[in-house]
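Asks: Here you go, one structure.
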Amino acid sequence: MLRVSGEDAATFLQGQFTNELRGLAAGTGVYGLWLNQKGKVLGDSFVVGGAVEGERWLVSYFCAAAGIKRRLEDYIIADDVVLEDFTPEWMGISVLGDGAGAWLTASAHVGRIFPGQRVLGENWEWIFPASTQAEVCAKLATATEIGADELARRRIGASLPAVPVDLGPGDLPGEGGLEEVAISYTKGCYLGQEVMARLKSMGQVRRRLMRVHGPGPVPVVPAALWQNSKQVGELRSGVGGETGFVGLAMLSLVNWQRELPLALEAAGPAVIQVEP
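Adding 3 to a residue's 1-based position in the sequence shown gives its number in the working numbering.
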């Protein structure tokens with residue numbers, strides 16, 4: 004949870020973030036990425052409009068505040084931009100299901116709400132000062148809480164990468180299927196924009212994040228995946244269940260043979276299946 008303020012904050016973020024931030028209203032949020040010059044993914048976050056002019060909040064599920072802060076500080080030269088880490092002072096709850104947005108609009112009287120990126124279907128984020136936790140929990144007293152494993156299972160089922168575990172500094176946004184939700188091709192210049200434009204106009208990526216499932220517990224990740232004694236990918240994340248595990252794997256579209264299962268060792272049994 005980073006607060007970005009200063010006279011140049013909005014203009015500066017517009018030139019760094021992959022999605023369109025112009026016209027961002029107070030309390031609304033936009034999901035996108037922070038790239039390097041080669042278009043590789045250094046982090047992701049929501050950018051949420053603040054309560055005062057020029058204020059923005061950066062909220063990420065899995066990326067450390069220090070990492071995003073360092074990425075942005077590298078490009079602040081003569082800009083009036085102030086970055087502050089408020090992570091310890093804030094909390095967040097993901098609210099899933101039909102009608103979640105309407106319920107939050109009527110019930111969330113502290114903090115901010117915005118559409119989330121947890122699962123397919125309606126899902127919202129409610130972020131709020133930690134000092135108001137008791138008030139928020141009272142509002143949610145009749146809701147059904149799901150655990151971290153179930154949330155991960157739904158995220159994997161929706162093929163939504165966790166950055167930087169499933170999609171990180173060695174990967175392009177399109178390899179994780181984020182080109183539609185996290186990239187603007189009309190906003191103008193931002194760091195990594197030339198690579199994104201070239202990929203859009205010249206062809207497809209050569210790797211892709213795919214859903215897989217296999218027997219037994221989740222392997223220690225990252226785990227190499229093999230076909231015919233040749234490494235064709237890497238299991239990035241997974242969650243166990245009663246009949247085995249499901250996960251997300253980065254696979255080479257050049258070397259991976261779609262009709263064959265995958266193995267965790269070069270000469271091991273091919274027991275991992277790629278889902279359609």
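Glycine included, C-beta positions come from ideal geometry on N, C-alpha and C.
#1: If Leu-265 and Arg-210 are in contact, beta carbons under 8 Å, what's the gap, nearest whole angstrom?
#2: Between the Cα of Cys-66 and those of Val-223, Pro-172, Asn-22 and Gly-104, spot the shortest distance and give me the residue it belongs to.
#3: Less than 6 Å between C-beta atoms, sequence neighbours within five positions excluded: which residues of the same chain meet that for Asn-194?
#4: Answer yes if the region 127-136 comes into contact with the region 182-198, meaning at least three C-beta pairs across the two stretches below 8 Å, and no otherwise.
#5: Below 8 Å on the Cβ atoms is my contact criterion, and I expect Leu-61 with Val-50 to pass it. Report the Cβ-Cβ distance as a whole number of Å.
#6: By a C-beta neighbour count over all protein chains shown, 10 Å radius and 16 as the cutoff for buried, is Tyr-78 buried or exposed?
#7: Please tell me whether Asn-22 and Gly-35 are closer than 8 Å, where the distance is taken between their beta carbons.
#8: What's the gap between the Cα of Ser-110 and the Cα of Gly-104?
#9: Between which two residues does the alpha helix (DSSP H) containing Trp-106 stretch?
#10: Short of 7 Å in beta carbon distance, which residues of its chain neighbour Ser-8, apart from the five on each side in sequence? Order them along the chain.
#11: Starting from the Cα of Ile-116, find the closest Cα among Glu-178, Gly-150, Ala-68 and Gly-53 and give me that residue.
#12: Excluding the 5 residues flanking Arg-214 on each side, which residues of the same chain have their C-beta closer than 6 Å to its C-beta?
#13: For Ser-1, which of Leu-107, Ile-71, Asp-169 and Met-94 has the nearest alpha-carbon?
#14: Can you tell me the Cα-Cα spacing of Gly-114 and Glu-128, whole angstroms?
#15: If I measure Cβ to Cβ from Val-242 and keep anything under 8 Å in the same chain, skipping five residues before and after, which residues do I get?
Replies: In brief:
#1: That belief does not hold up - the Cβ atoms of Leu-265 and Arg-210 are roughly 14 Å apart, past 8 Å.
#2: Pro-172
#3: In the sequence as presented, Asn is not what sits at residue 194; that position holds Leu. Around Leu-194: Gln-19 and Leu-38.
#4: Taking 8 Å as the limit for Cβ pairs, the verdict is that the region 127-136 does not touch the region 182-198.
#5: 6 Å
#6: The residue in question, Tyr-78, is exposed, as its Cβ has fewer than 16 Cβ neighbours within 10 Å.
#7: yes
#8: 10 Å
#9: 103-110
#10: Gly-57, Glu-58 and Val-85.
#11: Considering only alpha carbons, the answer is Gly-53.
#12: Ser-162 and Glu-278
#13: Look at the range of the chain in this structure, 4 to 279, and you will see that residue 1 is not part of it.
#14: 10 Å
#15: Asp-152, Ala-155, Arg-156, Ile-159, Val-221, Phe-248, Val-249 and Gly-250
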